[in-house]
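> Residue numbers (full-length UniProt numbering), protein chains in the order written: chain A, 1 to 341; chain B, 1 to 341. We treat Cβ as the ideally placed atom computed from N, Cα and C, and that holds for glycine. Note that the structure is predicted; figures quoted are calculated from it, not measured.
There are 2 protein chains.
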Amino acid sequence: MVDKHPAELRVAVLGTGLIGGSVLLRLRQQGFDVAGWDPDPRALSYARTHDIAFFEHLADAVADRDVVFLGGPLSTLPDTLAEVVKHTDPTCVITDVGSVKAPIARYTRENGWSHRFVPGHPMAGSEHSGLGSANPVLFNDAAWVLCTEPDTPLEPFRLLTALITTALQARVVPLEPSPHDAVVALSSHIPHLLAGSLAGSVARSQVRQGVLSLAAGSFRDGTRVAGTPSARTVDMLVHNREAITRSVTLVQRFLAELVDALERTDVAALTSAFEEGRGLRLALGDPTTRTITERFPVEGDPAAEFDFLVRLGAEGGHLTSCVVEDSTVVYTACRPTSPGG
Amino acid sequence: MVDKHPAELRVAVLGTGLIGGSVLLRLRQQGFDVAGWDPDPRALSYARTHDIAFFEHLADAVADRDVVFLGGPLSTLPDTLAEVVKHTDPTCVITDVGSVKAPIARYTRENGWSHRFVPGHPMAGSEHSGLGSANPVLFNDAAWVLCTEPDTPLEPFRLLTALITTALQARVVPLEPSPHDAVVALSSHIPHLLAGSLAGSVARSQVRQGVLSLAAGSFRDGTRVAGTPSARTVDMLVHNREAITRSVTLVQRFLAELVDALERTDVAALTSAFEEGRGLRLALGDPTTRTITERFPVEGDPAAEFDFLVRLGAEGGHLTSCVVEDSTVVYTACRPTSPGG
């Protein structure tokens, strides 16, 4: 592990699509020594014309770097990661920005790399893609999941938390890989299935033109992510297949329950079901949190620190900073005031 | 029928929730002689403190008015309409702003009022409600459906089209009532069912807190209308029960098709299905239209004018103005350049 102030870290970003590209642009804007690489030659040519440090070969991009961010399609991550391991010192910390975490966590554990790899997932994005759509403020106030697991060293997690909360201005949500995948199935992947189903049904409908003409807010909002490049959506879904198929039945059953109540004109049942969803929606807009500070010895038993982190994430809390002072690591965190509420 | 310039019309708005209230505030802002009425005493008291012309009794609000807009819950419209008919001259034109059109069109035809009642539906709104949330620019550039039917006089339709395109700055989409209801089932009502199902499923889920914490754009967009007051949503759904239950099976089947392909990791089938939805979504953001002008004799055979109007609406077009010059009615319209595309 490197022992540098976060601002002095030398960083590489591999796979500079919307997410990776936004990390690259942000760190560059913040004055970091940061270099990019992408297998798509259009990214290289865009970078060259915009004076962004970029390499043609992965090995050159990661040489002597302290931190490497891995972007790109989920299916490319294992091979790219193996390349990075080959071309970097063991002290180099690696993380990814993929939207599914259990498979990559399993892969790194099996390969003995989990002491230097931290699975990550920034909860930001848009239906656009590519370095040309990247946005240096994409992560401001966004949630950024960093995964922790029992029995893995916490130094890389602390380093990335410090970097992400300061330079990228995101809030770090610590979670274990499988709970993360269960959450994003509902918070992101199933919304893509619903948006695709709604837009696709209208595409097949006889009143297609009328719907396009009368589409108001509810239709525009409900289909926005159906504009995402399909290959990207499908790549994300197949990598989280198990968690999605487990949870989508909940949504299908809820919808069938609403349709059944509608067919019976059961106003009481409909109202009560919609009230459940409304409560959730209102809770989304109105989180009440309190700020706490927790200290752990840098070289102490990692179990207490690990427990604090995963409990914080599971309760819906997040970290706003991580500072190592002498032999103490100090976390500042926001915790919901009514976690069950 | 009154023979006044649109700007000289005396207007009443009954039921001053979000939609009716926005009509009232807009016409007032434009200098119209406009009065409001609502059965909820809070609306009266809000209007009094904000210096908005408002009456305690419906009969006083509609006395000597040229045009009456009917807002409020769908289930109240028939009774309120009967009251308006009782207290107004036969020359007074009445329209409503309800989101379902076939039942009210049938009701007015059965009562012999369809020569002076035009079913209407502005495609605007938000999850908020009440006169306090009303917004005078809510309808700027929004679609506003006005229904026409064979064998009903077109004068009230022309008058309202002139008023809505000028004073309210909306684009008027002419449709027959049943096609309107089929369209809004897909463009508005089913999006409410999906948003309610997604939000409700998360409310029941064990990872509720995690989803609230990681909710990014796709979840926020996909659940926004789940924040709508449940009684309003349910009122809307039950009045369009038949059209919704006919179309929601399309969406349920599309979703089941996606889930099935996901379970089989059938990337080709998933990608192709998502491409259908993506095409529709991209068409939504990029309408290409051309402007046309159509003229009809004011006292001629209404069949040609009627045909022009309903064909325009079915193709996804809309009216941007309606002017009666001497004995000619002149419509300006936007028509999609590739109606089947």
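#1: Rounded to whole angstroms, how far is the Cβ of R232 (chain A) from the Cβ of S129 (chain A), which I believe are closer than 8 Å?
#2: Determine, for N111 (chain A), whether the minimum Cβ-Cβ distance to residues of chain B falls below 8 Å.
#3: What separation, rounded to the nearest whole angstrom, lies between the Cα atoms of E299 (chain B) and R42 (chain B)?
#4: Of all Cβ atoms in chain B, is any one closer than 8 Å to the Cβ of V183 (chain A)?
#5: Could you check whether G71 (chain A) and V13 (chain A) sit closer than 8 Å to each other, using their CB atoms as the reference points?
#6: Would you mind telling me which residues of chain B sit closer than 7 Å to H318 (chain A), beta carbon to beta carbon, in chain order?
#7: For my contact list, S218 (chain B) and H180 (chain A) are in at a C-beta cut-off of 8 Å; report their separation, rounded to the angstrom.
#8: Pick helix, strand or coil for L14 (chain B), following the three-state DSSP scheme.
#9: Under 8 Å between C-beta atoms, does E315 (chain A) make it to chain B?
#10: From the DSSP output, which residues share a beta bridge with Y331 (chain B)?
#11: Give the straight-line distance between the Cα atoms of C322 (chain B) and D151 (chain B), rounded to the nearest whole angstrom.
#12: Taking E149 (chain B) as the reference, which of B:L74, B:P174, B:R241, B:V184 has the closest Cα?
#13: Along the beta strand (DSSP E) that carries R220 (chain A), what are the first and last residues, could you check?
#14: What are the uninterrupted segments assigned as beta strand (DSSP E) that are 3 or more residues long and contained completely in the segment 235 to 288 of chain B, given in chain order?
#15: Could you tell me which residues DSSP pairs with W37 (chain A) in its beta bridges?
#16: Which word fits V85 (chain B), buried or exposed, when buried means at least 16 other C-beta atoms lie within 10 angstroms of its C-beta?
#17: Could you have a look at F69 (chain B) and say whether DSSP puts it in helix, strand or coil?
#18: Are the segment 58 to 77 of chain B and the segment 12 to 26 of chain B in contact at 8 Å, needing three or more beta carbon pairs?
#19: Excluding sequence positions up to five away, which residues of its chain have a Cβ less than 6 Å from the Cβ of D118 (chain B)?
#20: Excluding the 5 residues preceding and the 5 following V202 (chain A) in the sequence, name in chain order all residues of the same chain whose CB lies nearer than 7 Å to its CB.
#21: Which residue or residues does DSSP assign as beta-bridge partners of D96 (chain A)?
#22: For Y331 (chain B) and L9 (chain B), what's the separation of their Cα atoms in angstroms?
#23: Can you list the residues of chain A that L280 (chain B) reaches, using a CB-CB cut of under 8 Å?
#24: Grouping DSSP H, G and I as helix and E and B as strand, with all else coil, what is A63 (chain A)?
#25: Is the Cβ of P136 (chain A) closer than 8 Å to any Cβ of chain B?
#26: Taking only three categories from DSSP, how would you classify H5 (chain A)?
#27: Closest to S213 (chain B) by CA distance: which of A:C334, A:K101, A:E294 is it?
#28: Hey, could you find the ends of the alpha helix (DSSP H) H87 (chain B) is sitting in?
#29: Can the beta-carbon of E234 (chain A) be found less than 8 Å from the beta-carbon of L81 (chain B)?
#30: Could you name the residues of the same chain whose beta carbon sits closer than 7 Å to that of H239 (chain A), not counting the 5 residues immediately before and after it, in chain order?
#31: Would you mind telling me which residues of chain A sit closer than 8 Å to E176 (chain B), beta carbon to beta carbon, in chain order?
#32: Just confirm the distance between the C-beta atoms of P153 (chain A) and H115 (chain A), as a whole number of angstroms; I'd bet it's less than 8 Å.
#33: What residues are listed by DSSP as bridge partners for W144 (chain B)?
#34: Between which two residues does the alpha helix (DSSP H) carrying I104 (chain B) extend?
#35: Nearest-angstrom Cα distance between G36 (chain B) and E242 (chain A)?
#36: Have a look at R48 (chain B) and D89 (chain B) and give me their C-alpha separation to the nearest angstrom.
On the basis of the coordinates in this document:
#1: Residue numbering aside, residue 232 (chain A) sits at position 232 when the first sequence is read from its first letter. Residue numbering aside, residue 129 (chain A) sits at position 129 when the first sequence is read from its first letter. At roughly 7 Å, the Cβ-Cβ gap stays under 8 Å, so R232 (chain A) and S129 (chain A) are in contact.
#2: Locating residue 111 (chain A) in the first sequence gives position 111, where the first residue counts as 1. So, not an interface residue.
#3: As a first step, residue 299 (chain B) is located in the second sequence; it is residue number 299 there, counting from the start. As a first step, residue 42 (chain B) is located in the second sequence; it is residue number 42 there, counting from the start. Computed Cα separation, rounded: 45 Å.
#4: Indexing the first sequence from 1 puts residue 183 (chain A) at position 183. Output row for V183 (chain A): interface = yes.
#5: Within the first sequence, the letter at position 13 stands for residue 13 (chain A). Within the first sequence, the letter at position 71 stands for residue 71 (chain A). Yes, the Cβ-Cβ distance between V13 (chain A) and G71 (chain A) is below 8 Å.
#6: Taking the first sequence and counting its residues from 1, one reaches residue 318 (chain A) at position 318. The answer, in chain order, is S213.
#7: Here residue 218 (chain B) corresponds to residue number 218 of the second sequence, with the count starting at 1. Here residue 180 (chain A) corresponds to residue number 180 of the first sequence, with the count starting at 1. Approximately 16 Å separates the beta-carbon atoms of S218 (chain B) and H180 (chain A); this is outside 8 Å, ruling out the contact.
#8: Position 14 of the second sequence, counting from 1, holds the residue named residue 14 (chain B). Of the three classes helix, strand and coil, the one that applies to L14 (chain B) here is strand, per DSSP.
#9: The residue labelled residue 315 (chain A) in the question sits at position 315 within the first sequence. Yes, E315 (chain A) lies at the interface with chain B (some Cβ there is under 8 Å from its Cβ).
#10: Within the second sequence, the letter at position 331 stands for residue 331 (chain B). In DSSP, Y331 (chain B) forms a bridge with B:E294, B:C322.
#11: Counted from its first residue, the second sequence places residue 322 (chain B) at position 322. Counted from its first residue, the second sequence places residue 151 (chain B) at position 151. Each residue's alpha carbon lies about 20 Å from the other.
#12: The count along the second sequence starts at 1 and reaches residue 149 (chain B) at position 149. When each option's Cα is compared against that of E149 (chain B), the closest is B:P174.
#13: In the first sequence, residue 220 (chain A) corresponds to position 220, counting from 1. Segment 217 to 223 is the alpha helix (DSSP H) holding R220 (chain A); no beta strand (DSSP E) there.
#14: The segment 235 to 288 of chain B contains no whole beta strand (DSSP E) run of 3 or more residues.
#15: Indexing the first sequence from 1 puts residue 37 (chain A) at position 37. Under DSSP, W37 (chain A) forms a beta bridge with A:L14.
#16: Taking the first residue of the second sequence as position 1, residue 85 (chain B) is located at position 85. Residue burial is scored here from C-beta neighbours: V85 (chain B) has at least 16 other C-beta atoms within 10 angstroms and is therefore classed as buried.
#17: Here the question's residue 69 (chain B) lines up with position 69 in the second sequence. If DSSP states are grouped into helix, strand and coil, F69 (chain B) belongs with the strands.
#18: Judged by Cβ distances under 8 Å, the segment 58 to 77 of chain B makes contact with the segment 12 to 26 of chain B, as three or more pairs qualify.
#19: Residue 118 (chain B) sits at position 118 when you count from the first residue of the second sequence. A small correction: the amino acid at residue 118 (chain B) is Val; Asp does not occupy that position in the sequence shown. Excluding residues within five positions, the ones whose Cβ falls inside 6 Å are T95, L146, P156, F157, L160.
#20: Within the first sequence, residue 202 (chain A) is the residue found at index 202, counting from 1. Short of 7 Å from the beta carbon of V202 (chain A), and not among the five residues preceding or following it, lie these beta carbons of its own chain, in chain order: R208, V211.
#21: The residue given as residue 96 (chain A) occupies position 96 in the first sequence. In the DSSP assignment, D96 (chain A) is bridged to A:L70.
#22: What you label residue 331 (chain B) is simply residue 331 of the second sequence in a count that begins at 1. What you label residue 9 (chain B) is simply residue 9 of the second sequence in a count that begins at 1. Computed Cα separation, rounded: 20 Å.
#23: Counting from 1 along the second sequence, the entry for residue 280 (chain B) is found at position 280. For the C-beta of L280 (chain B), the chain A residues within less than 8 Å are, from N- to C-terminus, A199, G200, V202, A203, R208, L212, T223, A226.
#24: Numbered from its first residue, the first sequence carries residue 63 (chain A) at position 63. A63 (chain A) falls in the coil class under three-state DSSP.
#25: Position 136 of the first sequence, counting from 1, holds the residue named residue 136 (chain A). No - not a single Cβ of chain B is within 8 Å of the one on P136 (chain A).
#26: The count along the first sequence starts at 1 and reaches residue 5 (chain A) at position 5. For H5 (chain A), the secondary structure class from DSSP, reduced to helix, strand or coil, is coil.
#27: Translated into positions along the second sequence, residue 213 (chain B) becomes position 213. Looking at the Cα atoms, A:C334 is the closest of the given residues.
#28: What you label residue 87 (chain B) is simply residue 87 of the second sequence in a count that begins at 1. First-last of the alpha helix (DSSP H) with H87 (chain B): 77 to 87.
#29: The sequence position of residue 234 (chain A) within the first sequence is 234, counting from 1. The sequence position of residue 81 (chain B) within the second sequence is 81, counting from 1. Just to set this straight, residue 234 (chain A) is Val in the shown sequence, not Glu. Judged by beta-carbon spacing, L81 (chain B) lies beyond the 8 Å limit of V234 (chain A), meaning their Cβ atoms are not closer than that value.
#30: What you label residue 239 (chain A) is simply residue 239 of the first sequence in a count that begins at 1. Within the same chain, H239 (chain A) has close Cβ partners L74, V100, P103.
#31: Locating residue 176 (chain B) in the second sequence gives position 176, counting from the first residue. Listed along chain A is no residue with a C-beta nearer than 8 Å to that of E176 (chain B); the closest approach is about 11 Å.
#32: The residue labelled residue 153 (chain A) in the question sits at position 153 within the first sequence. The residue labelled residue 115 (chain A) in the question sits at position 115 within the first sequence. Taking a contact as a CB-CB distance under 8 Å, the pair P153 (chain A) and H115 (chain A) counts as one, their CB atoms being some 5 Å apart.
#33: By 1-based counting over the second sequence, the position of residue 144 (chain B) is 144. Answer is B:P122, B:V172, bridged to W144 (chain B).
#34: Here residue 104 (chain B) refers to the residue found at position 104 of the second sequence. Here the alpha helix (DSSP H) through I104 (chain B) covers 102 to 110.
#35: Reading the second sequence from its first residue, position 36 is the one you call residue 36 (chain B). Reading the first sequence from its first residue, position 242 is the one you call residue 242 (chain A). Rounded to the nearest angstrom, the two C-alpha atoms are 56 Å apart.
#36: Here residue 48 (chain B) refers to the residue found at position 48 when the second sequence is read from its first residue. Here residue 89 (chain B) refers to the residue found at position 89 when the second sequence is read from its first residue. C-alpha of R48 (chain B) to C-alpha of D89 (chain B): approximately 27 Å in a straight line.
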